[in-house]
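In UniProt numbering, the protein residues as written are 1 to 201.
Think of the CB as a built atom: it goes at the ideal place given N, C-alpha and C, for glycine as much as any other residue.
Note sheet for the following structure.
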Amino acid sequence: MKNKKEQILDISFSLFLEKGYDNTSISDILSKLDIARGTLYYHFESKEAIMDAIIERSAKKIVEEAQSIVLKKELPVYEKIFALFSSTSMKRLSGGNLMIDYMNQPQNALFHEKSNISFIQKITPILGDIIKEGVEEGIFHNAFPYESAELILVMIIGFIDVHYENMDKKDLERRTESLLYNIERMLGAKEGSFDRLKVLS
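Laid out in structure tokens, this is it:
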């Protein structure tokens, strides 16, 4: 059985999905959990603190899986990158277009922003390690592996935020090709070497 803190996070997240973060009150959470206000405040000082804990919990799972990929010495660099983006795909981690739609709603702007910042901060050093490995093997030609990793993640998140909404298949495919082309150029990679990532869009 989950402890009270985990129960608060689970119920709060379900309410955030149902009503939106801004539209969910502490009273809503208390009512759903059927607990006293003091019990909730013993664990979390505010609704934003609950949100931060939800994001941190999700990020921890992502990082653990991402780190396990980097540690697989037998995997070639391109396989590591593909595995990393497969494991951290927003669609896969969050349950598909429902979460993307949720994040793009105005009432969830703060949740969205904090989730993106957490993702970039935690995945940048992991992706940077893979890029550095690729540079050392002569696969990539880039003097700034960690800075480039951060830029790539910012590009991908921006792509998801802007391009998943109201886009037809042909337009999405073209923009995906453009994104991957620019990632290849940034890393000094062989043209077409990131084509496998198209299936994640």
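Do the segment 11-18 and the segment 26-33 touch if we need at least three Cβ pairs shorter than 8 angstroms? yes
Evaluate Leu40 with the Cβ neighbour count: other Cβ atoms within 10 Å of its Cβ, from every protein chain shown; 16 or more gives buried, anything less gives exposed. buried
Assuming Thr39 is part of the alpha helix (DSSP H), what are its boundary residues? 37-43
Met51, enclosing alpha helix (DSSP H) - first and last residue: 47-70
CB Lys80 to CB His43, shorter than 9 angstroms? no
Find out if the Cβ-Cβ distance for the pair Phe111, Ile62 is shorter than 9 angstroms. no
Beta-carbon proximity check, Lys114 vs Met155, cutoff 9 angstroms: no
Alpha carbon to alpha carbon, what distance is there between Ser178 and Gly188? 15 angstroms
Asn108 to Gly128 span [Cα, whole Å]: 30 angstroms
Out of Ile183, Asn23, Leu75, point me to the one whose CA is closest to Glu48's CA. Asn23
Let me know if Glu18 comes out buried or exposed under the rule of 16 or more other beta-carbons within 10 Å of its beta-carbon. exposed
So, for Ala149: in the same chain, excluding its five sequence neighbours on each side, which residues have a beta-carbon less than 6 angstroms away from its beta-carbon? Thr124, Leu127, Gly128, Ile131
Can you give me the Cβ contacts of Asn182 inside the same chain, cut-off strictly under 8 angstroms, excluding the 5 residues immediately before and after it? Met155
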